[in-house]
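Student: To convert, note that position 203 of the sequence shown is 203 in the UniProt record's numbering; the numbers rise steadily by one, no gaps.
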Amino acid sequence: MLLVFMFLTAMGIVLIVTEPKSISVRWASATIFCGASGGLSAVIEDDIIPILGDSFLSGLAMFGNNLTSFLTQYGVPYSFLMFAIVKSFSPAKKNLWACTALLFIPIILTFVLNPFYPRFMVPYLVGLVWIGPYVLVASFLLIYSYMKEENPFAKRERFWTNVAYIPTILFVVITNNLVRGLGFENIWRLNLWIVLYATVVFLYAVFRDGFAGVRLLIQRHQMNQSLKAVHIGTAFLHHSLKNDLGIIKLLGYKVEHMASQSGDKELQTDVNIIIDSYERIQFLLDKIQYQTNERELQLTSNSLTEMVENSLQRLRPLLEKSGVEVHRSLPEAEFRWMCDQLQIEEAINNIIMNGIDAMPSGGELFIRVYYTSKQARVVIKDTGKGIPNKHLHRIVEPFFSTKQNTEHNMGLGLTYCYSVLDKHGGSLEFHSQLGEGTTVLMTFPLTKEGSIWNQFASCWSKTIRGGNEDLPNT
1 MLLVFMFLTA
11 MGIVLIVTEP
21 KSISVRWASA
31 TIFCGASGGL
41 SAVIEDDIIP
51 ILGDSFLSGL
61 AMFGNNLTSF
71 LTQYGVPYSF
81 LMFAIVKSFS
91 PAKKNLWACT
101 ALLFIPIILT
111 FVLNPFYPRF
121 MVPYLVGLVW
131 IGPYVLVASF
141 LLIYSYMKEE
151 NPFAKRERFW
161 TNVAYIPTIL
171 FVVITNNLVR
181 GLGFENIWRL
191 NLWIVLYATV
201 VFLYAVFRDG
211 FAGVRLLIQR
221 HQMNQSLKAV
231 HIGTAFLHHS
241 LKNDLGIIKL
251 LGYKVEHMAS
261 QSGDKELQTD
271 VNIIIDSYER
281 IQFLLDKIQY
291 QTNERELQLT
301 SNSLTEMVEN
311 SLQRLRPLLE
321 KSGVEVHRSL
331 PEAEFRWMCD
341 QLQIEEAINN
351 IIMNGIDAMP
361 SGGELFIRVY
371 YTSKQARVVI
381 KDTGKGIPNK
391 HLHRIVEPFF
401 STKQNTEHNM
411 GLGLTYCYSV
421 LDKHGGSLEF
431 HSQLGEGTTV
441 LMTFPLTKEG
451 SIWNQFASCW
461 SKTIRGGNED
471 LPNT
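#1: What are the start and end residues of each continuous beta strand (DSSP E) run of 3 or more residues lying completely inside the region 335 to 405, in chain order?
#2: Run the CB neighbour count on Asn350, radius 10 Å, all protein chains shown included, and call it buried at 16 or more, exposed below.
#3: Tell me the DSSP secondary structure of Asn302 in three-state form.
#4: Given 8 Å as the limit, is there contact between the region 65 to 78 and the region 352 to 364, that is, 3 or more CB pairs closer than that?
#5: In this structure, how does DSSP classify residue 475 when only helix, strand and coil are distinguished?
#6: Quick one: is Glu345 near chain B, going by C-beta distance under 8 Å?
#7: By a C-beta neighbour count over all protein chains shown, 10 Å radius and 16 as the cutoff for buried, is Asn144 buried or exposed?
#8: Leaving out five residues on either side along the sequence, give the residues of the same chain with a beta carbon under 7 Å from the beta carbon of Gly363.
#9: So Met82 packs on Thr68, CB below 8 Å; how close in whole Å?
#10: Span of the alpha helix (DSSP H) holding Ser427?
#11: So, with DSSP's three-state summary, where would you put His424?
#12: Cα-Cα, which of Leu315, Tyr418 and Val200 is closest to Phe444?
#13: If I'm right that Arg336 touches Ser303 with Cβ under 8 Å, what's the distance once you round it to whole angstroms?
#14: By Cβ distance, which residues of its chain are closer than 8 Å to Asn310, with the 5 residues on each side in sequence left out?
#15: Express the C-alpha separation of Leu312 and Val4 in angstroms, rounding to a whole number.
#16: Quick one, are the C-beta atoms of Val25 and Leu15 less than 8 Å apart?
#17: Consult DSSP for Gly437 and reduce its assignment to one of helix, strand or coil.
#18: In chain order, what residues of the same chain lie with their CB nearer than 6 Å to the CB of Leu141, ignoring the 5 residues before and after it?
#19: Using 8 Å for Cβ pairs, my map puts Met338 next to Leu299. What's the rounded Cβ distance?
#20: Within its chain, find whatever has a CB closer than 6 Å to the CB of Ser37; leave out the 5 residues flanking it on each side and keep chain order.
#21: Could you give the first and the last residue of the continuous alpha helix (DSSP H) run that contains Arg328?
#22: Cutting at 7 Å between CB atoms, please list the residues of its own chain near Val135, excluding the five before and the five after it.
#23: Report the three-state DSSP secondary structure of Asp270 (helix, strand or coil).
#24: Can you say whether Ser260 is buried or exposed, counting buried as having 16 or more other CB atoms within 10 angstroms of its CB?
#25: Can you tell me the Cα-Cα spacing of Asp422 and Ile51, whole angstroms?
#26: For Asn186, is the classification buried or exposed, using 16 other Cβ atoms within 10 angstroms of its Cβ as the cut-off for buried?
#27: Check the C-beta distance from Leu330 over to Thr305 and give it rounded, since I have them as a contact under 8 Å.
#28: List the endpoints of the continuous alpha helix (DSSP H) containing Leu113.
#29: Please list, in chain order, all residues of the same chain as Ile248 whose beta carbon is under 8 Å from its beta carbon, the five residues on each side excluded.
#30: Can you name the start and end residues of the alpha helix (DSSP H) that Tyr165 belongs to?
#31: Is the CB-CB distance between Ile367 and Thr438 below 8 Å?
#32: With burial defined as no fewer than 16 other Cβ atoms inside 10 Å of the residue's Cβ, what is the status of Ser90: buried or exposed?
#33: Nearest by alpha-carbon distance to Tyr197: which of Phe184, Leu178, Ala164 and Thr175 is it?
#34: How many angstroms separate the CA atom of Leu414 from the CA atom of His393?
#35: Going by C-alpha distance, which of Thr9, Lys374 and Glu320 is nearest Lys21?
Put into structure tokens, the structure is as follows:
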């Protein structure tokens with residue numbers, strides 16, 4: 001049971017550290033910690049109390065054993081239901097407090113009727129009167145919200161949440177309450193195996209698709225380290241080659257002038273090749289330095305809708321030439337927020353151009369802007385060939401590209417986009433299926449600075465009405 005305590009505690013800590021401000025993650029962690037207390041209870045009962053004998057410390061250990069058992073029996077279903085409610089509905093703070101208080105009443109009544117000290121006597125079958133409905137309702141809410149979810153990124157995360165939580169909680173409730181109530185006292189020790197199952201699912205989900213933001217945290221750390229290395233390397237490269245390239249340029253033009261005066265056509269042709277090579281090297285160096293350079297944010301009040309429209313207007317000739325039809329879903333309400341307009345627009349440009357490149361024979365580009373209570377989001381979907389799953393988690397890495405023509409594609413476009421969103425406290429996510437296209441989700445946090453936040457409250461309902469058209473399923 002020590003393994004149960006260690007595994008669950010580690011998972012709970014990872015979740016809460018990843019997103020400490022997320023209410024749903026807090027309740028998810030609370031569910032895990034309550035489950036971990038069951039493993040701790042078994043360790044106290046089996047290993048610690050026998051050693052202490054009849055001493056004063058034995059009484060304290062008994063109290064700890066009863067308390068941790070109480071948390072496991074009643075904290076798990078309560079926290080699980082609260083997690084499901086928050087995950088499914090995102091209730092307002094007032095309603096959330098009401099749910100928290102009302103759903104806690106059965107635990108209070110259970111404690112009054114069966115206090116956990118001096119001896120915790122668990123009414124297993126009686127407890128199922130409210131524990132059973134709590135767990136079943138929570139499972140239904142999680143499954144229903146998964147089925148109704150249309151955002152492919154959120155749907156994927158809900159899938160792994162359900163796979164990890166629902167079988168585990170159902171198994172624990174059955175072994176801890178129903179089976180023990182029927183007289184099979186030690187059957188609960190099988191919980192070790194369901195905890196191992198949950199741990200495997202958790203780790204697999206984290207490294208495959210992400211789980212409650214954990215993979216994003218790992219990816220962000222790795223990318224930040226890569227960006228630092230790339231920035232230092234390109235700065236050194238640019239500085240080292242700058243003077244030599246200047247000499248090549250100067251001598252090249254000098255020889256060109258001499259060849260022109262002497263009428264030496266062969267020498268003139270060779271010199272032109274040298275000058276063209278110089279200009280190409282200089283262009284590539286400037287492009288690499290521009291996309292990897294650490295530029296400070298110039299924060300101004302901007303409209304996300306206007307920035308998307310600006311990008312589309314700038315790329316309109318390319319869109320028309322490529323035969324790409326654009327479908328917009330933009331909110332009518334004017335909402336402004338603090339960001340670096342030039343960098344955000346350039347990031348949007350890069351993603352739209354990637355979508356155009358993915359549809360060489362034409363296609364459709366779907367763009368949606370919408371807001372939640374805490375985030376501004378841009379979803380850009382193309383109907384191109386899609387990205388293989390083995391490449392999906394690498395496409396933001398510096399110098400990685402899936403494009404066939406790499407003459408001017410340095411593999412830094414999406415790296416730049418990631419860097420811009422990261423500096424704004426946002427995130428960049430991808431979902432792709434071969435033959436169906438790629439969906440990109442750009443997420444920006446909303447801040448409470450001055451009137452920017454206040455405007456959000458006044459235009460909230462209009463924003464929802466203006467930006468609720470659904471993108472095609474991916």
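For each residue, glycine too, the CB sits at the ideal point set by N, CA and C.
Tutor: In terms of the structure at hand:
#1: Complete beta strand (DSSP E) runs here, min 3: 336 to 340, 363 to 371 and 375 to 382.
#2: buried
#3: Shown here, Asn302 sits in a strand according to DSSP, grouped into three states.
#4: No contact exists between the region 65 to 78 and the region 352 to 364.
#5: Residue 475 cannot be examined here, being either before or after the span of the chain that is shown, 1 to 474.
#6: In summary, chain B is missing from the structure at hand, where a single protein chain is found.
#7: For the record, residue 144 in the displayed sequence is Tyr; it is not Asn. Tyr144 should be labelled exposed.
#8: Val324, Asp382, Thr383 and Gly384
#9: Wrong, their Cβ atoms sit about 20 Å apart, outside the cutoff.
#10: From DSSP, Ser427 is part of no alpha helix (DSSP H) but of the beta strand (DSSP E) over Ser427 to Gln433.
#11: coil
#12: Out of Leu315, Tyr418 and Val200, the CA that lies nearest to the CA of Phe444 is found in Tyr418.
#13: 5 Å
#14: Taken in chain order, the residues that qualify are Glu345.
#15: 53 Å
#16: yes
#17: Here Gly437 carries a strand assignment [DSSP, helix/strand/coil].
#18: Ala84 and Ser88
#19: 5 Å
#20: Thr68, Leu71 and Thr72
#21: Run containing Arg328: none in the alpha helix (DSSP H); it sits in the beta strand (DSSP E), Val324 to Ser329.
#22: Pro77, Phe80, Ile169, Leu170 and Val173
#23: helix
#24: exposed
#25: Rounded to the nearest angstrom, the two C-alpha atoms are 53 Å apart.
#26: exposed
#27: 5 Å
#28: Ile105 to Leu113
#29: If we look at Ile248 and ignore the five residues flanking it on each side, its Cβ neighbours are Ile274 and Tyr278.
#30: Pro152 to Val173
#31: no
#32: Its Cβ having fewer than 16 others within 10 Å, Ser90 is exposed.
#33: Ala164
#34: 12 Å
#35: For Lys21, the nearest C-alpha among the options comes from Lys374.
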